[in-house]
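Asker: For reference, the structure I am asking about is given below.
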Amino acid sequence: GENVEQHPSTLSVQEGDSAVIKCTYSDSASNYFPWYKQELGKGPQLIIDIRSNVGEKKDQRIAVTLNKTAKHFSLHITETQPEDSAVYFCAATLGYALNFGKGTSLLVTP
Amino acid sequence: NAGVTQTPKFQVLKTGQSMTLQCAQDMNHEYMSWYRQDPGMGLRLIHYSVGAGITDQGEVPNGYNVSRSTTEDFPLRLLSAAPSQTSVYFCASSYSISGENEQYFGPGTRLTVT
């Protein structure tokens with residue numbers, strides 16, 4: 001099956017700084033890579049995704065990059081705000097299954 | 111649209127008891143799934159369904175049963191609860207059966223087995 005590694009497990013940044021979270025996957029057949037944000041006491045919510053035929057995707061302050069050769073993808077958040085504080089999960093899809101990384105707890109301090 | 115709803119929000123069981131976690135969606139999604147979330151483990155797929163009458167196992171299916179008699183509902187059954195099943199359970203749905211599109215998650219059920 002697919003194995004997704006995510007780093008770091010915790011990340012603390014000052015408001016206005018950038019945050020980067022990195023993931024690697026094991027199966028080269030995976031072709032869909034979403035990122036989910038989970039706020040305390042809630043279910044995960046999709047914030048951005050990328051497919052294997054695209055190298056980079058941007059949505060306002062959030063961007064995702066994908067390197068299929070190296071089998072890694074990253075989430076970039078610029079101009080961080082306190083409301084960005086949450087747990088972020090990367091995932092990779094293989095067939096019907098969505099395989100998640102173990103999560104990154106991001107804390108943005110004012 | 112209510113989206114994905116889960117009941118109950120909290121549940122405490124004794125070892126050996128059985129129960130059913132309910133999940134419903136009103137978006138006419140074909141794909142539904144159950145995950146468990148444990149500290150430091152991320153979300154792990156228990157079972158999924160690509161349509162009414164069709165279910166399959168995920169990464170951690172042991173101790174859980176599912177059925178899908180309607181498009182809307184996807185209940186998860188614990189036949190004989192064990193302390194190792196203490197977790198937060200999330201149900202999710204997606205319009206695409208391939209899993210390659212946004213999954214909508216419910217608010218979760220926090221289960222404690224003593």
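Respectively, the protein sequence lines represent chains F and G. Mapping the first sequence onto our numbering, position 34 (from 1) lands on 34, and the numbers just tick up by one. Mapping the second sequence onto our numbering, position 85 (from 1) lands on 195, and the numbers just tick up by one. Built from N, CA and C at the ideal position, the CB exists for glycine as well.
1) Starting from the C-beta of G/Leu188, find all residues in its chain whose C-beta is less than 7 angstroms away, skip the five residues before and the five after it, and write them out in chain order.
2) Determine which residues share a DSSP beta bridge with G/Ser197 and list them.
3) Can you list the residues of chain F that G/Val160 reaches, using a CB-CB cut of under 8 angstroms?
4) Which residue or residues does DSSP assign as beta-bridge partners of G/Leu155?
5) Please return the same chain residues whose Cβ sits closer than 8 angstroms to the Cβ of F/Thr109, not counting the five positions on each side in sequence.
6) Going by alpha carbons, who is nearest to F/Phe100 out of F/Trp35, F/Ser18, F/Ala29?
7) What are the partner residues of G/Gln132, as DSSP defines its beta bridges?
8) Which class does F/Asp17 belong to by DSSP, given the choice of helix, strand or coil?
9) Using a Cβ-Cβ cutoff of less than 7 angstroms, which residues in the same chain neighbour G/Gly218 once the five nearest sequence positions on both sides are dropped?
10) Let me check one thing: in DSSP terms, what residues is F/Gly101 bridge-paired to?
11) Under 9 angstroms between beta-carbons, which chain G residues line up against F/Gln14? List them in chain order, please.
12) Could you tell me whether any Cβ in chain F is nearer than 9 angstroms to the Cβ of G/Phe200?
13) Among F/Ser9, F/Lys58, F/Val4, which has the Cα closest to the Cα of F/Ile50?
14) Hey, could you find the ends of the beta strand (DSSP E) F/Thr65 is sitting in?
Answerer: In short:
1) Numbered from 1 along the second sequence, position 78 holds the residue referred to as residue 188 of chain G. The residues are Ser128, Met129, Gly173, Tyr174, Gln195.
2) The sequence position of residue 197 of chain G within the second sequence is 87, counting from 1. Answer is G/Leu221, bridged to G/Ser197.
3) To locate residue 160 of chain G, count along the second sequence from 1; it is residue 50. Near G/Val160 (Cβ distances below 8 angstroms), the residues of chain F are Tyr96.
4) Your numbering for residue 155 of chain G matches position 45 in the second sequence. For G/Leu155, which the question treats as bridged, DSSP gives the partners G/Tyr145.
5) Mapped onto the first sequence, residue 109 of chain F falls at position 109. Only Ser12, Val13, Gln14, Glu15, Pro82 meet the Cβ criterion.
6) What you label residue 100 of chain F is simply residue 100 of the first sequence in a count that begins at 1. Nearest option by C-alpha distance: F/Trp35.
7) Here residue 132 of chain G refers to the residue found at position 22 of the second sequence. According to DSSP, G/Gln132 bridges with G/Thr117.
8) As a working mapping, residue 17 of chain F is identified with position 17 in the first sequence. In the structure shown, F/Asp17 sits in coil (DSSP, three-state: anything other than H, G, I, E or B).
9) Here residue 218 of chain G refers to the residue found at position 108 of the second sequence. Hits under 7 angstroms: Gln116, Val198, Tyr199, Phe200.
10) Taking the first residue of the first sequence as position 1, residue 101 of chain F is located at position 101. Answer is none; F/Gly101 lacks a bridge partner.
11) Stepping through the first sequence from its first residue, residue 14 of chain F is reached at position 14. At a beta-carbon threshold of 9 angstroms, none of the residues of chain G lie near F/Gln14; the nearest stands roughly 26 angstroms away.
12) The residue given as residue 200 of chain G occupies position 90 in the second sequence. It does: the Cβ of G/Phe200 has a partner Cβ on chain F nearer than 9 angstroms.
13) Working through the first sequence from its first residue, we reach residue 50 of chain F at position 50. Answer by Cα proximity: F/Lys58.
14) Counted from its first residue, the first sequence places residue 65 of chain F at position 65. F/Thr65: member of the beta strand (DSSP E) spanning 62-67, first to last residue.
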